[in-house]
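Under full-length UniProt numbering, the sequence shown has 67 at position 67, and the numbering climbs by one with no breaks.
Ideal Cβ placement from N, Cα and C applies to all residues, glycine included.
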Amino acid sequence: MAKSGSSSASKAASAPAAPAPTWANASSASKNRPVSIEDYHGSSSSTSPPPHSAMSGGGGASGVDELLAPVSTLDEPVMETIMRDVRAVGSKLRAVLIPLDRNRPFGYVGVLQEEDVSPSDGQRDVLNQLRDWDLWGPLFICLSLALILSTKAPSKQTSHVFTTVFIVMWVGALIVTVNAQLLGASISIFQSLCVLGYCVFPLTVSALVIAILRFTWLGIIWLDLIWLSLGLLWATRVSCIFVGQFVKRERRLLALYPVFFFYLLLGWLILLF
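Given below as structure tokens:
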């Protein structure tokens with residue numbers, strides 16, 4: 001029995017060792033080099049390429065840049081471009097005519113107060129709409145006001161009235177803007193011109209109402225003053241609301257009182273012509 005046991009042990013020792021599995025070779029090879037995906041799957045032919053990500057585009061951040069790139073409007077129809085601009089002008093006019101916050105009965109409070117008042121969500125939406133400036137709306141409002149006042153003037157003074165109103169509006173808005181810039185307002189020149197131009201719209205409505213009422217028995221000077229006062233107060237209030245958000249509180253009054261005189265000058269032209 002001892003001999004048979006020793007002979008079987010010697011046979012087992014002399015028998016060739018079985019080939020190690022692939023995963024064992026991969027683990028032993030990992031001591032000398034990094035383990036590749038072929039070591040686990042046996043051969044490179046059986047491996048499948050990793051799926052191509054939809055967000056990768058051409059590779060890496062370039063795909064994200066393509067998604068975030070601005071949409072080109074070169075191939076856009078002209079009518080669609082015009083209607084988009086018209087809708088933008090309409091939204092700004094609506095923000096000027098209805099600037100009140102429903103959560104606060106008096107709207108934008110604290111414009112002339114010494115402490116800083118943070119705007120609410122509704123107020124911030126209005127400010128963002130007016131901050132996205134354009135000059136199409138102010139140009140249309142200026143031409144409308146000049147046309148309304150020139151039609152009421154004598155035939156020999158029509159061109160002079162039109163030119164006077166046009167120059168006074170743009171030069172006055174530029175002077176108010178430069179004054180705000182010198183006082184350290186964090187608002188660009190075009191943004192200020194946009195806001196001041198859109199805020200002339202209440203005065204334009206007042207001028208139109210006065211021109212229509214002059215053909216009726218309601219066309220008296222006292223009613224004209226009432227309509228003009230409403231337009232003047234509304235235009236001054238809305239513009240002060242916006243400009244006051246970008247001027248430091250200790251300089252806020254110095255930046256806002258020229259706004260009132262600017263609209264007061266336009267109101268005087270409405271009564272004069």
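**Request:** State the CB to CB distance for the pair A235 and G197, rounded to an integer number of angstroms; the pair is presumed to be in contact (CB under 8 angstroms).
**Result:** With a contact defined as Cβ atoms closer than 8 angstroms, A235 and G197 miss out at about 11 angstroms.
**Prompt:** Should L193 be listed as close to the ligand SAH, given that the test is whether its C-beta is under 6 angstroms from any heavy atom?
**Reply:** The ligand SAH is absent from the structure shown, which contains no ligand whatsoever.
**Request:** Please say whether A255 and A180 have beta carbons closer to each other than 7 angstroms?
**Result:** Yes, the Cβ-Cβ distance between A180 and A255 is below 7 angstroms.
**Message:** Beta-carbon within less than 6 angstroms of R252's beta-carbon, same chain only, minus the 5 sequence neighbours each way: which residues are those?
**Reply:** Counting only residues of its own chain and dropping the five nearest sequence neighbours on each side, R252 has a CB closer than 6 angstroms to the CB of G244.
**Prompt:** Just the Cα atoms here: how many angstroms apart are A88 and V209?
**Reply:** Near 25 angstroms, if we compare the C-alpha coordinates of V209 and A88.
**Prompt:** How many angstroms separate the CA atom of L213 from the CA atom of S239?
**Reply:** Each residue's alpha carbon lies about 27 angstroms from the other.
**Asked** For L232 versus G267, is the C-beta spacing smaller than 7 angstroms?
**Response** Yes, these two residues count as a Cβ contact at 7 angstroms.
**Prompt:** Relative to the alpha-carbon of F260, which residue among G137, V200, D85 has its alpha-carbon at the smallest distance?
**Reply:** It is V200.
**Item:** Distance CB(F246)-CB(I187) smaller than 7 angstroms
**Value:** A Cβ-Cβ contact shorter than 7 angstroms links F246 with I187.
**Request:** For A153, I'd like the list of residues in its chain whose CB is within less than 6 angstroms of its CB, leaving aside the five on either flank, ordered along the chain.
**Result:** Result list for A153: V161, F273, in chain order.
**Request:** Indicate the three-state DSSP secondary structure (helix, strand or coil) for L265 in the structure shown.
**Result:** Per DSSP, reduced to three states, the secondary structure at L265 is helical.
**Request:** My understanding is that L93 touches L135, with C-beta atoms under 8 angstroms, so please give their C-beta distance in whole angstroms.
**Result:** About 14 angstroms; that fails the 8 angstroms criterion.
**Message:** Just to check my reading of the structure: V168 and L97 have Cβ atoms closer than 8 angstroms, yes? What is that Cβ distance to the nearest angstrom?
**Reply:** Wrong, their Cβ atoms sit about 23 angstroms apart, outside the cutoff.
**Item:** For K156, three-class secondary structure by DSSP
**Value:** Looking at K156 - three-state DSSP - the assignment turns out to be helix.
**Request:** Just mark I270 as buried or exposed, buried being the case when its beta carbon has 16 or more other beta carbons within 10 Å.
**Result:** It counts as buried.
**Message:** Distance check for A211 and L230, CA to CA, integer angstroms please.
**Reply:** If I take the Cα positions, the gap works out to 15 angstroms.
**Request:** Use the C-beta contact count for L149: other C-beta atoms within 10 angstroms, 16 or more gives buried, fewer gives exposed.
**Result:** The residue is buried, with at least 16 neighbouring Cβ atoms inside 10 Å.
**Prompt:** Does DSSP classify P202 as helix, strand or coil?
**Reply:** Here P202 sits in helix by DSSP.
**Asked** By how many angstroms is the C-alpha of T216 removed from the C-alpha of T151?
**Response** For T151 and T216, the gap between their C-alpha atoms comes out near 17 angstroms.
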